[in-house]
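Notes to accompany the following structure.
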Amino acid sequence: MTNTLKFLAGLLAVVCLLPGGGAGSQTLVYSLSYEETHASFMAHFSGVSPFPGLRTQQENLGMLRNHRKTEIYFLRLADGEGSLLFSDEGTNLEIMGPGSASSAGKAYVRAIWREWRPEPVPGVNAETAVYELRLDGSNKFRRILDAQVNQGPALLNPQGTKAAFQDFVAGKYVVSIYSVPGWRLLHQWDLSRLMNTQCRFCTPVNSGWMQDGKRLWVELTAVGDDEDATSADALGAYIFSEDGSGMDRISPEIGALRLNGYVHPQYIERQFLGQLPNGSYVFEDFAVQKGKSLSELAPFVVIAAPDAKSLSVAPLKFALGRGVLSPSGRYLAYIENRQTPGYRTEQHLWVRDLASSEDRELFSVPAPGPATSAEPNVSLSVLGWLN
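Each step along the sequence shown adds one to the number in the numbering used here, with nothing skipped, and position 73 is 78.
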């Protein structure tokens with residue numbers, strides 16, 4: 006049995022052994038992408054002719070892929086049941102990077118479609134676009150939009166009626182809002198122009214929708230040399246109407262981390278994770294115990310009411326790689342990027358019950374191997390939740 010097959014068998018065993026814990030019908034959607042190493046590519050095509058003219062068209066197309074396959078799975082928290090929903094293996098479609106899943110059972114990804122065209126000049130034609138994938142096991146998909154070079158993943162509002170994209174075009178951050186499922190352009194605006202009024206040297210790092218499905222939040226930070234030119238008072242999460250109007254900052258006083266015996270370093274930025282259905286804000290923040298070094302900085306989940314009148318704080322085992330809230334607001338799925346003794350990054354998928362502060366590790370994927378590894382490197386992404 007190959008290492009990949011052993012990994013998948015182990016993954017299935019872990020999934021089947023997961024406890025319930027009152028998770029209801031919450032179902033997590035995630036993807037596994039298998040990127041070829043030089044050695045795995047050579048092993049995969051060891052039986053294929055080295056001469057293009059002696060290969061089939063499908064073999065020629067397959068050898069152009071960077072990823073052998075990307076697979077999308079569901080995992081139901083209540084009973085640990087999981088199954089494959091979609092795979093691009095053996096198709097002309099190659100999924101590029103993470104995507105987003107909607108509660109309606111569809112995923113939206115940036116992907117390349119390759120096909121052989123005999124004319125006007127014989128050769129492979131490749132087009133990058135945004136695709137809608139059906140998460141019902143049928144492996145059906147459809148092209149919905151042209152993709153931009155620096156386009157981020159689709160951000161779906163909680164109602165599943167709108168999608169936002171953030172592009173970096175000609176030195177500007179551009180936000181585009183589309184209707185779903187019609188994919189009609191509703192709004193397009195220059196985020197950079199609005200940023201310049203509050204945080205000129207900032208860079209957007211995270212974004213999402215507020216619970217009303219009509220406003221978006223964007224988290225701004227300073228990177229590299231811009232840190233010296235940016236006031237710490239300007240950093241943080243900002244809320245915009247979907248047409249780009251009504252820019253409003255989430256006050257640093259809301260959810261400010263205050264714990265007896267702990268100090269919050271001034272230069273440490275908190276991370277906005279999103280809004281719960283009851284309107285509360287969720288943050289990841291950091292503090293260090295008095296008398297201890299900053300190397301022992303500890304992460305916390307902070308849940309705060311918008312009026313700052315209520316606050317709950319719970320410790321985290323480690324800093325989050327990325328957090329995705331469930332539609333109910335009870336669960337937070339996140340990826341731990343764990344450093345191995347060999348200084349490689351191993352990805353672990355966790356779910357936190359925000360009501361009980363219980364963390365459950367669902368599974369992990371192997372750390373990336375060297376170019377000589379005969380197995381593809383596996384990367385993990387959280388796409389969203391199904392109801």
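Cβ atoms here follow ideal geometry from the backbone N, Cα and C, with glycine treated the same way.
As the structure is a prediction and not an experimental result, all values here were calculated from the model.
Would the beta-carbon of residue i be found less than 7 Å away from any heavy atom of the ligand GDP?
{"i": "S315", "result": "You won't find the ligand GDP in this model; it holds no ligand whatsoever."}
Comparing alpha-carbon positions, which option in the options lies nearest residue i?
{"i": "W121", "options": "Y136, N97, A83 and Q153", "result": "N97"}
{"i": "G95", "options": "E137, E64, S88 and R81", "result": "E64"}
{"i": "L221", "options": "A376, L196 and K297", "result": "L196"}
{"i": "G87", "options": "T32, L264 and T61", "result": "T32"}
{"i": "R263", "options": "R70, V307 and L299", "result": "V307"}
{"i": "H353", "options": "K177, G326 and A175", "result": "G326"}
{"i": "H43", "options": "P381, L388 and L391", "result": "P381"}
{"i": "R119", "options": "S285, D217 and R148", "result": "R148"}
{"i": "V210", "options": "G218, Y243, Q203 and K219", "result": "Y243"}
{"i": "K314", "options": "K295, S300, S285 and A324", "result": "S285"}
{"i": "V356", "options": "T75, G251, P346 and S369", "result": "S369"}
{"i": "R73", "options": "G218, K145, E40 and I100", "result": "E40"}
{"i": "L278", "options": "A338, K219, P127 and F146", "result": "A338"}
{"i": "V179", "options": "E247, R189 and P123", "result": "E247"}
Under the assumption that residue i contacts residue j (Cβ atoms under 8 Å), give the Cβ distance between them as a whole number of angstroms.
{"i": "Q280", "j": "M215", "result": "5 Å"}
{"i": "A116", "j": "A131", "result": "In fact, because the Cβ distance is near 11 Å, the residues do not count as touching under 8 Å."}
{"i": "G260", "j": "F305", "result": "Not quite, the Cβ-Cβ distance comes to about 10 Å (not below 8 Å), so this is no contact."}
{"i": "Y35", "j": "L385", "result": "6 Å"}
What do you get for residue i, buried or exposed, if any count of 16 or more other CB atoms within 10 angstroms of its CB means buried?
{"i": "S184", "result": "exposed"}
{"i": "S256", "result": "exposed"}
{"i": "A159", "result": "buried"}
{"i": "K297", "result": "exposed"}
{"i": "S212", "result": "buried"}
{"i": "E224", "result": "buried"}
{"i": "T202", "result": "exposed"}
{"i": "P163", "result": "buried"}
{"i": "R70", "result": "buried"}
{"i": "A376", "result": "exposed"}
{"i": "E301", "result": "exposed"}
{"i": "K11", "result": "Any reading at K11 must be qualified, since the residue scores a pLDDT of 44, below 50, and its modelled position is unreliable; no value is offered."}
{"i": "M6", "result": "With a pLDDT of 40 at M6, under the threshold of 50, the modelled position of this residue cannot be trusted; read the value that follows with caution. Burial call: exposed."}
{"i": "S143", "result": "exposed"}
{"i": "D141", "result": "exposed"}
{"i": "K167", "result": "buried"}
Note down, in chain order, each residue of its chain lying with its Cβ closer than 7 Å to the Cβ of residue i, except the 5 sequence neighbours on either side.
{"i": "E274", "result": "T226 and L240"}
{"i": "M68", "result": "F50"}
{"i": "K322", "result": "D364"}
{"i": "A292", "result": "L262, L264, Y267, V268, H269, A303 and F305"}
Identify, in the order they occur along the chain, each residue of the same chain with its Cβ nearer than 6 Å to the Cβ of residue i, setting aside the five sequence neighbours on each side.
{"i": "S181", "result": "F170 and Q193"}
{"i": "G26", "result": "The predicted model places G26 with a pLDDT of 38, which falls under 50 and marks its position as unreliable, so this point remains unresolved."}
{"i": "Q62", "result": "W121"}
{"i": "A28", "result": "Residue confidence is low: A28 scores 46 on pLDDT, short of 50, so the model does not pin down where it sits. Its coordinate-derived value is still stated next. Taken in chain order, the residues that qualify are L82 and A83."}
{"i": "G104", "result": "A112, Y113, V114, P158 and L388"}
{"i": "A106", "result": "V34, A112, L388 and G389"}
{"i": "G58", "result": "none"}
{"i": "T328", "result": "Residue identity check: residue 328 is Gly in the sequence provided, not Thr. The answer, listed in chain order, is L278, L337 and Y339."}
To which residues of the same chain is residue i closer than 8 Å at the C-beta, ignoring the five residues directly before and after it?
{"i": "P360", "result": "In the sequence as presented, Pro is not what sits at residue 360; that position holds Ala. Same-chain partners within the cutoff: R335."}
{"i": "Y78", "result": "V34, Y35, S36, L37, G87, S88, L89 and L90"}
{"i": "S378", "result": "T42, A44 and S45"}
{"i": "G374", "result": "T42, E380 and N382"}
{"i": "K295", "result": "G266, Y267 and V268"}
Does any residue of chain D have a CB that is nearer than 8 Å to the CB of residue i?
{"i": "S246", "result": "Of the protein chains in this structure there is only one, and it is not chain D."}
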